[in-house]
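Mapping to full-length UniProt numbering: the sequence shown position 656 is 656, numbers consecutive.
All remarks here apply to the structure that follows.
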Amino acid sequence: MMLQRANLHIALTFLQFCYAGNHIFLRIALDTGVSKLIFPLYRNITALVLLGPLAYFAEKKDRPSITTYCVGYFFLLGLVGITMKEGFYLLGLEKTSPTFAAAMQNSVPALTFLMAALFRYESVRFNRIDGVAKVLGVLASVGGASIITLYKGPVIYSPHSALHQEQKLSRLEDATGKNWNLGGFYLFDHSLCWSGWIVMQAFVLKKYSAPLTVSAFTCFFGVVQFLTIAAFFEKDSKAWQFNSSGEIYSVLFSGLVTSGLASAIQIWTIGKGGPILASIYLPLQTLLVAVMSSFIFGEEFFLGGIIGALLLISGLYLVVWGRNQETKLAKEVIVPIEPQNHWEAKSDSSSLTQSMINTQLKEQLNVIGFPFSNLQTLLNISLKPQSVKLLSVLLVMTEIVGSFTSVRVAVLLPLLYTIPLPDMLLGALVLPTIAMEAELDTEQQQQMMEGIYSQTTQIDPERARFPCSVVWSPLPVISWFIPFIGHIGICRQDGVILDFAGPNFVCVDNFAFGAATRYLQIPKEKCCVPLVQSGYNGEEHYMQGETSGDLRTWDDALRKSTQEFQHRSYNLFTCNCHSFVANNLNRVGFLSGGWNVVNLAIFILFNGRWVSKASMLRSILPFVVVFFLGLTFGGITFLKFWFFFTSILIGWFLLGTYCFKNLIQL
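Written out as structure tokens, the structure reads:
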């Protein structure tokens with residue numbers, strides 16, 4: 001394990017050397033006047049010559065079959081990761097300068113961090129030390145790389161030949177005809193495409209686990225797209241020719257090392273370490289470029305480079321440490337695929353004895369016509385051997401007094417732990433009193449259940465316990481612009497929150513994005529599946545092969561949905577936390593079912609209750625601040641952007657829910 005982690009970090013460091021070298025060779029190529037359409041075309045053709053045979057022979061035995069969906073994924077990777085990313089970078093570099101371009105490129109880790117958190121390819125717990133460490137690490141890395149680029153300070157290293165080289169490169173820095181606004185827009189699009197490309201690769205690798213083949217097809221579609229664009233827009237025939245050896249060397253290095261070797265390494269590191277870890281190393285290339293430029297081009301090295309390097313290394317350490325802490329904590333909380341009663345594991349030492357006693361008690365209760373499942377569901381626990389023995393004594397004592405009721409059993413039994421009584425006394429002590437329990441009329445049993453239900457549905461926000469409720473919390477960034485869109489979860493009978501928190505993962509008692517701010521408790525009389533009663537009086541629905549005996553309680557329904565979503569891939573737009581909660585509500589038959597992501601969001605918006613005034617501020621205040629600042633500094637432009645963003649997001653879910661069947665999963 002330690003060797004694998006070391007190899008991962010060595011690969012990421014080597015990757016930044018490749019990118020830094022590409023930056024140097026690209027500066028040489030641009031200085032010679034290379035075409036901005038032909039250069040990336042030749043570069044990716046060279047990479048394809050390397051990656052094609054390598055992917056064919058290396059993954060020949062393990063390569064999955066290529067479907068139409070896979071081809072679509074590869075095309076999008078080529079469009080975003082090669083055509084758009086490289087094209088926007090060259091356009092932005094033409095309008096600005098390499099210094100400004102490097103500064104904009106340092107936003108990639110932050111953008112990747114945001115995208116990965118929104119699409120749940122990385123879990124970010126803002127209320128835990130590992131989540132805070134990753135956030136601070138990303139900010140420190142971006143800040144350090146920006147300091148290297150934008151702040152100089154006193155000269156630390158100054159070679160004698162610097163003057164000549166600076167004059168040679170000054171044409172790129174201060175040339176006329178710059179358009180900084182348009183260039184900045186291009187470079188931001190370049191960073192956005194790079195971040196999206198990294199996150200998309202993480203998604204595609206889950207669908208198609210052959211990284212070299214993915215890289216080769218990505219490069220192939222990039223070549224096809226650049227060739228099409230160049231054929232239409234590059235009219236100068238001389239641009240297709242090499243004018244100097246510098247262009248040839250730049251194409252070979254960029255193609256073989258950057259687009260070929262580096263692309264394969266990047267997608268491998270994304271598969272092993274995730275998109276955030278792969279992107280957090282990107283600012284390191286800024287430091288490497290500064291050092292390499294100092295020695296190769298004779299550029300001076302300033303104090304800002306030292307300060308930025310320290311910040312950058314500290315940020316890398318924080319992110320790596322945060323991921324290690326997250327791994328340790330994840331090992332302590334495991335959601336079982338085949339859970340037992342109420343998803344609590346039993347100890348091996350007591351499971352056999354408990355099973356024997358439960359079997360014996362079940363047989364004895366059936367003799368007198370009292371179903372064992374009624375007693376076990378009523379008490380909401382698995383009967384422990386010691387509890388049964390002590391219960392026997394209490395039953396006999398209370399029978400002598402003549403004032404025993406079922407409610408007292410339900411209250412006392414969870415408190416009983418250890419009393420060493422012989423197993424032989426079990427039948428003699430329990431049977432007479434259980435027989436008396438079976439004689440209770442229907443009205444008494446109903447009153448008993450009402451009392452237990454009222455005691456077990458107490459809301460306790462301090463302990464994050466919302467029994468039989470749907471809970472809601474705001475999302476970072478998205479809720480700042482659309483305050484009624486957030487993260488949602490559903491609670492068990494004991495109040496523990498379950499939420500679909502990532503691919504193949506349902507989180508238990510660790511609500512993503514902080515504490516719940518709104519909740520809605522589900523009324524028991526509006527569900528087909530009973531909340532605490534043992535019988536099942538609803539209809540069969542929502543899962544093939546699911547009989548009426550499978551869903552006895554609210555928790556049984558939640559357990560079925562949990563098992564199903566533990567095998568689903570998370571996607572913000574097609575299968576998200578709202579899908580999970582809607583699936584659960586359909587299983588329990590709340591308001592006769594028919595729930596989807598749209599009507600569920602509307603229902604919570606108008607019927608949910610605020611946990612506290614502080615929760616209300618936490619949910620609404622960011623939207624008010626962002627909207628006020630946007631109107632103040634952006635005016636009508638901000639309103640147009642806000643309306644466009646809101647319309648696109650809401651329109652997607654409306655169309656996906658009501659116009660395209662099964663596009664948004666439930």
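Just so you know, even glycine gets a beta-carbon here, dropped at the ideal spot from N, CA and C.
Query: With 16 other Cβ atoms within 10 Å as the buried cut-off, status of residue 612; Result: exposed
Query: Pair within 8 Å by beta-carbon distance, residue 140 and residue 315; Result: yes
Query: Nearest-angstrom Cβ-Cβ length linking residue 216 and residue 52, presumed shorter than 8 Å; Result: 5 Å
Query: Straight-line Cα distance separating residue 57 from residue 38; Result: 29 Å
Query: Pick from 565, 579 and 627 that is closest to residue 477, judged by C-alpha positions; Result: 627
Query: DSSP state of residue 611 mapped onto helix, strand, coil; Result: coil
Query: Inter-residue spacing [alpha-carbon to alpha-carbon] between residue 186 and residue 220; Result: 24 Å
Query: Between the CA atoms of residue 80 and residue 597 - distance to the nearest angstrom; Result: 29 Å
Query: Sub-8 Å separation of residue 95 and residue 182 beta-carbons; Result: yes
Query: For residue 29, three-class secondary structure by DSSP; Result: helix
Query: Distance CB(residue 570)-CB(residue 502) smaller than 8 Å; Result: yes
Query: Residue of 230, 262 and 200 minimising C-alpha distance to residue 22; Result: 262
Query: Residue 486 - DSSP class collapsed to helix/strand/coil; Result: strand
Query: Beta strand (DSSP E) segment containing residue 518, residue limits; Result: 518-521
Query: Euclidean distance between Cα positions of residue 108 and residue 232; Result: 31 Å
Query: Residue 595 in three-state terms, based on DSSP; Result: coil
Query: Straight-line gap, residue 137 to residue 561 (C-alpha atoms, nearest Å); Result: 36 Å
Query: Beta carbon of residue 13 nearer than 8 Å to that of residue 225; Result: no
Query: Per DSSP, the bridge partner or partners of residue 587; Result: According to DSSP, which records beta bridges pairwise, residue 587 is partnered with nothing at all.
Query: Whole-angstrom C-beta distance between residue 483 and residue 644, which should lie under 8 Å; Result: Contact flag wrong, Cβ pair sits at about 17 Å.
Query: Residues near residue 339 in its chain [Cβ-Cβ closer than 7 Å; skip 5 each side]; Result: In this prediction, residue 339 scores a pLDDT of 43, lower than 50, which makes its location untrustworthy; the coordinate-derived value is nonetheless stated afterwards. Counting only Cβ-Cβ distances below 7 Å, and skipping sequence neighbours, we find 559.
Query: Contact under 8 Å by Cβ, residue 512 with residue 471; Result: no
Query: Beta-carbon separation (whole angstroms), residue 256 vs residue 55, contact threshold 8 Å; Result: Not a contact, Cβ separation roughly 15 Å.
Query: Backbone secondary structure at residue 498 - three-state DSSP; Result: strand
Query: Residue burial classification, residue 659 (beta-carbon count within 10 angstroms, cutoff 16); Result: exposed
Query: Residues sharing a beta bridge with residue 575, DSSP; Result: 571
Query: 8 Å Cβ cutoff met for residue 618 and residue 474; Result: yes
Query: Residues sharing a beta bridge with residue 472, DSSP; Result: 488 and 518
Query: Start-to-end residues for the beta strand (DSSP E) that takes in residue 214; Result: Note, residue 214: premise wrong, no beta strand (DSSP E); alpha helix (DSSP H) at 211-233.
Query: Close Cβ partners of residue 247 (< 8 Å) along its chain, the five nearest in sequence each way excluded; Result: 29, 32, 34 and 39
Query: 8 Å Cβ shell around residue 88 - same chain, five flanking residues per side excluded; Result: 186, 187, 189, 190 and 193
Query: Residue 242 - DSSP class collapsed to helix/strand/coil; Result: coil
Query: Cα-Cα separation between residue 505 and residue 566, rounded to whole angstroms; Result: 5 Å
Query: N- and C-terminal bounds of the alpha helix (DSSP H) containing residue 70; Result: 68-78
Query: Residue 64 burial status per 10 Å Cβ neighbour count (16 or more: buried); Result: exposed
Query: Residue 499 versus residue 155: straight-line alpha-carbon distance, rounded; Result: 54 Å
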